[in-house]
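Okay, so the sequence shown: first residue is 13 according to the numbering used here, each after it adds one.
Even glycine gets a Cβ: it sits at the ideal position worked out from N, Cα and C.
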Amino acid sequence: MKWFLKLGSYLFHPLWMPFIGSFFYFYITPRYIDIYVIKAQLLAIGIVTILIPIIYFFMLKNMGLAQSIFLKNIKERRLPLLFFVILLLLLMNVIINRIDVPELYYFFGGILIASFTNFLLALLKIKVSLHMVGVSGLAMFTIALSIHYNINLLAIISALVIINGWVASSRLYAKAHTVVEVILGIAIGFLPQLFLLKFWL
């Protein structure tokens, strides 16, 4: 059981969530998008939201400004979160077109709001579960896609609800967060996606 709970923290690290959400979108949308465009967009999203942040983390680690990929210390979170906010702004202005893929654009808008909120809270020395921000935001986006396209995604949504419980249990078991920090993470991930629905649903 111990290894299973730890596994949840690695499999559903918040860095993977933007890419997974993008993959879900391109897989689910009935809108015709050329396969080469999809591959190019996913590659760009992967580079901007996964590869570059990982490289940046190792730079911070070499400089002694970060210790763990989980950013356990509140102070360690500030620079990575600010950097991620800048990357998201770049992604939304250069790579993702609001007219062509509004659902995806506002998905990243929700991630941007959540990331900036986490950055502000880190400045105020308030710790939040970034894992829960990621998985709860992804769950809300998937529910919205199901409603928007009138597609039965019950199996995927159910799996995501279970994953939310798994990740929450994992973070609590590891004593990485308190119950309040986990709940805050769920709210910060879920609410921006819910709020931005009015722009595309």
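Give every residue of the same chain whose Cβ lies closer than 8 Å to the Cβ of residue i, excluding the five residues on either side of it in the sequence, and list them in chain order.
| i | result |
| --- | --- |
| leucine 3 | Not covered by the structure: residue 3. The range shown for the chain is 13 to 213. |
| glycine 103 | It should be pointed out that residue 103 corresponds to leucine in this sequence rather than to glycine. Answer for leucine 103: Ala56, Ile57, Val60, Thr61 and Phe120, listed in chain order. |
| asparagine 164 | Ser158 |
The alpha helix (DSSP H) that contains residue i, what's its start and end?
| i | result |
| --- | --- |
| phenylalanine 120 | 114 to 135 |
| isoleucine 169 | 166 to 185 |
| tyrosine 48 | 47 to 58 |
| methionine 144 | 142 to 161 |
| lysine 139 | It is not in any alpha helix (DSSP H) - lysine 139 carries neither H nor E in the DSSP assignment. |
| phenylalanine 205 | Reading off the sequence shown, one finds glutamine at residue 205, where the question assumed phenylalanine. From DSSP, the alpha helix (DSSP H) with glutamine 205 extends over 191 to 207. |
| serine 34 | 29 to 40 |
| tyrosine 68 | 64 to 74 |
| lysine 87 | 86 to 102 |
Roughly how many angstroms lie between the CA atoms of residue i and residue j, to the nearest whole one?
| i | j | result |
| --- | --- | --- |
| phenylalanine 128 | leucine 166 | 31 Å |
| valine 179 | lysine 18 | 9 Å |
| serine 170 | alanine 52 | 30 Å |
| isoleucine 123 | phenylalanine 36 | 15 Å |
| tyrosine 117 | serine 181 | 31 Å |
| isoleucine 138 | alanine 188 | 13 Å |
| leucine 208 | glycine 58 | 23 Å |
| arginine 90 | isoleucine 108 | 25 Å |
| glutamine 79 | isoleucine 174 | 30 Å |
| asparagine 85 | lysine 73 | 13 Å |
| tyrosine 48 | glycine 76 | 41 Å |
| phenylalanine 69 | leucine 23 | 18 Å |
| valine 191 | threonine 154 | 25 Å |
| isoleucine 81 | threonine 41 | 33 Å |
Measuring alpha carbon to alpha carbon, tell me which residue in the options is nearest residue i.
| i | options | result |
| --- | --- | --- |
| serine 34 | Pro114, Ser170, Gln79 and Phe202 | Pro114 |
| alanine 56 | Leu196, Tyr37 and Phe31 | Phe31 |
| isoleucine 111 | Thr154, Arg43, Ile138 and Pro92 | Arg43 |
| serine 194 | Phe16, Ser21, Trp15 and Lys14 | The residue asked about is misnamed: residue 194 is valine in this sequence, not serine. With distances taken between Cα atoms, valine 194 lies closest to Ser21. |
| leucine 27 | His160, Leu83, Ile45 and Ala199 | Leu83 |
| glutamine 205 | Ala126, Met29 and Leu72 | Ala126 |
| asparagine 176 | Asn162, Leu142 and Asn164 | Leu142 |
| histidine 25 | Val192, Ser148 and Met152 | Ser148 |
| arginine 183 | Ile40, Gln79, Met144 and Asn162 | Met144 |
| leucine 133 | Ile200, Asn162 and Ala78 | Ile200 |
| asparagine 130 | Phe211, Pro92 and Lys14 | Pro92 |
| tryptophan 15 | Leu94, Ile40, Tyr185 and Thr154 | Tyr185 |
| leucine 172 | Ile198, Val192, Thr41 and Asn162 | Ile198 |
Can you list, in chain order, the residues of its chain with a C-beta nearer than 6 Å to that of residue i? Leave out the 5 residues immediately preceding and following it.
| i | result |
| --- | --- |
| phenylalanine 38 | Ile50 |
| leucine 196 | Val140 |
| methionine 29 | Gly146 and Leu150 |
Please list, in chain order, all residues of the same chain as residue i whose beta carbon is under 7 Å from its beta carbon, the five residues on each side excluded.
| i | result |
| --- | --- |
| leucine 230 | Not covered by the structure: residue 230. The range shown for the chain is 13 to 213. |
| phenylalanine 96 | Pro65 and Ser127 |
| isoleucine 168 | Thr154 |
Counting only C-beta atoms, is residue i closer than 9 Å to chain C at any point?
| i | result |
| --- | --- |
| threonine 41 | No chain C is present in this structure, which holds just one protein chain. |
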